[in-house]
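Chains as they are written, first to last, in this note's numbering: chain Y, 33 to 312; chain U, 1499 to 1791.
This report concerns only the one structure given below.
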């Protein structure tokens, strides 16, 4: 019995067979979304459903792009995500670098504080943020969303960057200081150039995190011209009928930007995530 | 040389990290304190805001379905985390053993990472649709079922649906973490065990799993924490909580009080309860992360 099982497990093809099955599961929503985006509205309501569009059409794409405010939603998403990511990375890099390379009395407590804030559920911060932004007259502004996205990403980014800087060779910094470079100088002349790709990967993670955010903009924004793409998907959900083909087209527009960033930075993200989130 | 060293390294570190610390205090601890303050106020958008002691907490704990909501939240997050964990280990084992094509398959299975959770909920809700979705249709075509599969008809199957949609989006992260842990194990250990006559089942249970357990543990705790507090998938897949409110969890309960019921005092109390629960999970995570090797 065990022998038969072992023969199956140890067979060269086994990982590929299992992998193909799971890859189908992981890819099925992508496949369904892509196929449906080429269908007409009527065809998405056929029962039994069709798999390949009977008459492939770009109608859903053109509707989502020209009639629904998808370009506006995408612009809002890009704007708020990029700005908040830049702020978080720049502010977080100095903190994380100090915590990693120049520890001081109490720096462990600071680190613990960052870890603790990571465990606070963003859902629980929705109400205080809503009221604070209301008092500051920042509801229904992109600035308000950027402020919230900074909260959302900051503890995570500091923690990931710290783990990343921990693996930075100390000798490099020390020899630069011996050569007469100031400590601040080493940051800009040595650390930043050497770690640029890694920092970029962490920026991609922060960007995707912000891109994914739904409830805060859903609660804080009421005007179509300010909404990000995640909230914008609700444009296609009506009281009576959902425009699945248009939503699929919009979904493709929503996924493509972060997917491109993600696949390009994948190798470094894997390194950064495992260094920061798991190993010391 | 002496000039640049006029302050010690540790003082330099403190100065360098202060701006970031201030940012965190302003952005995280201010709203955190504010929500605790709010939870002790009567703030129902009808009468003036006044101090009300533990009234809000009493209202939460005496809600007839509070315990059921907590239980559902645990079911949802445990289900999603369990499904994610098992799938991730299988995927990581396969990727780890592949000689060729590992990079391609890895890219394919981590793609859901780039999909917003809210979209994942929409897509799965549609794929599970009894009449217009492909899952029910395929099950009938292959003869697994005689009639259409309507997961939204029963509480348990509705819960399974949201668990799948949530786990689908979380598998990539844990797969990557698990794979990295597997790859960190020295090949010599496997060579030695082969000399001792161990087979691959022994190897998995006595070498692979124990040595990779800590990173997997930390990754799993992160996933559990995230599932516990995230309701995007539930919100787009079963709006209102589905049949018998079977997917109505703590997060939905909280959001309803902010968005529909407008009782901000009670919402703040629910927020604090949610923070407390996630902190229990988080404490295990922090302990595991900061513990020395």
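We treat Cβ as the ideally placed atom computed from N, Cα and C, and that holds for glycine.
Quick check: the Cα distance between residue i and residue j, rounded to an integer number of angstroms?
| i | j | result |
| --- | --- | --- |
| residue 1742 of chain U | residue 1651 of chain U | 10 Å |
| residue 1647 of chain U | residue 1692 of chain U | 48 Å |
| residue 1749 of chain U | residue 248 of chain Y | 13 Å |
| residue 47 of chain Y | residue 1584 of chain U | 15 Å |
| residue 1778 of chain U | residue 132 of chain Y | 27 Å |
| residue 1490 of chain U | residue 1537 of chain U | Lying outside 1499 to 1791, the shown extent of chain U, residue 1490 of chain U is not represented and no answer is given. |
| residue 312 of chain Y | residue 195 of chain Y | Reliability fails at residue 312 of chain Y, whose pLDDT of 37 lies under 50, so the model's placement of it is uncertain and the value that follows must be treated cautiously. Taking the straight line joining both Cα atoms gives about 7 Å. |
| residue 42 of chain Y | residue 1596 of chain U | 12 Å |
| residue 74 of chain Y | residue 281 of chain Y | 15 Å |
| residue 128 of chain Y | residue 160 of chain Y | 27 Å |
| residue 1710 of chain U | residue 1556 of chain U | 44 Å |
| residue 76 of chain Y | residue 68 of chain Y | 7 Å |
| residue 1791 of chain U | residue 106 of chain Y | Summary for residue 1791 of chain U: the model assigns pLDDT 47, below 50, so the residue's position carries little reliability; its value from the coordinates is reported in the next sentence. The straight-line gap from Cα to Cα measures roughly 45 Å. |
| residue 134 of chain Y | residue 39 of chain Y | 54 Å |
| residue 137 of chain Y | residue 1512 of chain U | 9 Å |
| residue 1524 of chain U | residue 1621 of chain U | 38 Å |
| residue 291 of chain Y | residue 243 of chain Y | 11 Å |
| residue 1688 of chain U | residue 1701 of chain U | 7 Å |
| residue 293 of chain Y | residue 35 of chain Y | 46 Å |
| residue 1640 of chain U | residue 83 of chain Y | 15 Å |
| residue 310 of chain Y | residue 1785 of chain U | In this predicted model, residue 310 of chain Y has a pLDDT of only 47, less than 50, meaning its place in the structure is not dependable; the value taken from the coordinates is given anyway. Their backbone Cα atoms lie some 12 Å apart in a straight line. |
| residue 66 of chain Y | residue 264 of chain Y | 19 Å |
| residue 299 of chain Y | residue 55 of chain Y | 19 Å |
For residue i, which residues in chain U fall below 7 Å Cβ to Cβ?
| i | result |
| --- | --- |
| residue 244 of chain Y | 1614, 1615 |
| residue 295 of chain Y | 1605 |
| residue 199 of chain Y | Simply none; closest approach about 13 Å. |
| residue 290 of chain Y | 1612 |
| residue 85 of chain Y | Chain U residues near residue 85 of chain Y: none, gap ~13 Å exceeds 7 Å. |
Given a cut-off of 8 Å, decide if residue j and residue i are closer than it, judged by their beta-carbon atoms.
| i | j | result |
| --- | --- | --- |
| residue 6 of chain Y | residue 246 of chain Y | Residue coverage of chain Y in this structure runs from 33 to 312, which leaves residue 6 of chain Y outside it and unanswerable. |
| residue 185 of chain Y | residue 116 of chain Y | yes |
| residue 1708 of chain U | residue 1678 of chain U | no |
| residue 81 of chain Y | residue 70 of chain Y | no |
| residue 1738 of chain U | residue 1657 of chain U | no |
| residue 1793 of chain U | residue 1721 of chain U | Chain U is shown from 1499 up to 1791; residue 1793 of chain U falls before or after that span and cannot be answered. |
| residue 58 of chain Y | residue 1669 of chain U | yes |
| residue 1519 of chain U | residue 142 of chain Y | yes |
| residue 1726 of chain U | residue 1571 of chain U | yes |
| residue 1541 of chain U | residue 1533 of chain U | no |
| residue 1773 of chain U | residue 182 of chain Y | no |
| residue 1612 of chain U | residue 240 of chain Y | yes |
| residue 50 of chain Y | residue 1588 of chain U | yes |
| residue 1653 of chain U | residue 1592 of chain U | no |
| residue 1618 of chain U | residue 61 of chain Y | yes |
| residue 208 of chain Y | residue 222 of chain Y | yes |
What in chain Y is Cβ-close to residue i, meaning under 7 Å?
| i | result |
| --- | --- |
| residue 1592 of chain U | 47, 50, 51 |
| residue 1697 of chain U | 38 |
Please report whether the beta-carbon of residue i lies at a distance below 8 Å from any beta-carbon of chain C.
| i | result |
| --- | --- |
| residue 276 of chain Y | Although the question refers to chain C, the structure presented lacks it and instead comprises the protein chains Y and U. |
Would you mind telling me which residues of chain Y sit closer than 9 Å to residue i, beta carbon to beta carbon, in chain order?
| i | result |
| --- | --- |
| residue 1530 of chain U | 149, 152, 156, 157, 160 |
Just the chain U side, please: which residues come within less than 9 Å of residue i by C-beta, in chain order?
| i | result |
| --- | --- |
| residue 364 of chain Y | There is no way to answer for residue 364 of chain Y, as the model of chain Y reaches only from 33 to 312. |
| residue 262 of chain Y | 1614, 1615, 1616, 1617, 1730 |
Assuming residue i and residue j form a contact by the criterion Cβ under 8 Å, report the distance between their Cβ atoms to the nearest whole angstrom.
| i | j | result |
| --- | --- | --- |
| residue 1751 of chain U | residue 1567 of chain U | 5 Å |
| residue 1676 of chain U | residue 1717 of chain U | 7 Å |
| residue 174 of chain Y | residue 111 of chain Y | 6 Å |
| residue 216 of chain Y | residue 205 of chain Y | That belief does not hold up - the Cβ atoms of residue 216 of chain Y and residue 205 of chain Y are roughly 12 Å apart, past 8 Å. |
| residue 1531 of chain U | residue 1607 of chain U | Rounded, the Cβ-Cβ distance is 42 Å, inconsistent with contact. |
| residue 189 of chain Y | residue 238 of chain Y | 5 Å |
| residue 1762 of chain U | residue 1756 of chain U | 7 Å |
| residue 1766 of chain U | residue 1543 of chain U | Not really, about 13 Å apart at Cβ, beyond 8 Å. |
| residue 229 of chain Y | residue 200 of chain Y | Not really, about 13 Å apart at Cβ, beyond 8 Å. |
| residue 297 of chain Y | residue 236 of chain Y | 4 Å |
| residue 124 of chain Y | residue 193 of chain Y | 5 Å |
Which residues in the same chain as residue i place their Cβ atom closer than 8 Å to its Cβ, once the five residues preceding and following it in sequence are excluded?
| i | result |
| --- | --- |
| residue 1634 of chain U | 1626, 1627, 1628, 1643, 1646, 1647, 1648 |
| residue 1729 of chain U | 1747, 1749, 1750, 1753 |
| residue 1681 of chain U | 1594 |
| residue 1782 of chain U | 1719 |
Should residue i be listed as close to the ligand MG, given that the test is whether its C-beta is under 7 Å from any heavy atom?
| i | result |
| --- | --- |
| residue 253 of chain Y | The model on display carries no ligand, and the ligand MG is accordingly not part of it. |
Give the interface partners of residue i over in chain U, defined as CB-CB distance under 8 Å, in chain order.
| i | result |
| --- | --- |
| residue 300 of chain Y | Within 8 Å Cβ-Cβ: nothing; residue 300 of chain Y doesn't reach chain U, min ~12 Å. |
| residue 176 of chain Y | None at all; the shortest Cβ gap to chain U is about 13 Å. |
| residue 240 of chain Y | 1611, 1612 |
Tell me which same chain residues have a C-beta within less than 6 Å of the C-beta of residue i, skipping the five on either side of it?
| i | result |
| --- | --- |
| residue 1665 of chain U | 1578, 1581, 1582 |
| residue 1545 of chain U | none |
| residue 1637 of chain U | 1643, 1647 |
| residue 92 of chain Y | 69, 277, 278, 281 |
| residue 1623 of chain U | 1735 |
| residue 1505 of chain U | none |
I'd like the list of long-range same chain contacts for residue i, defined as Cβ closer than 7 Å, with 5 residues on each side in sequence excluded.
| i | result |
| --- | --- |
| residue 259 of chain Y | 105, 108, 249, 253 |
| residue 1655 of chain U | 1649 |
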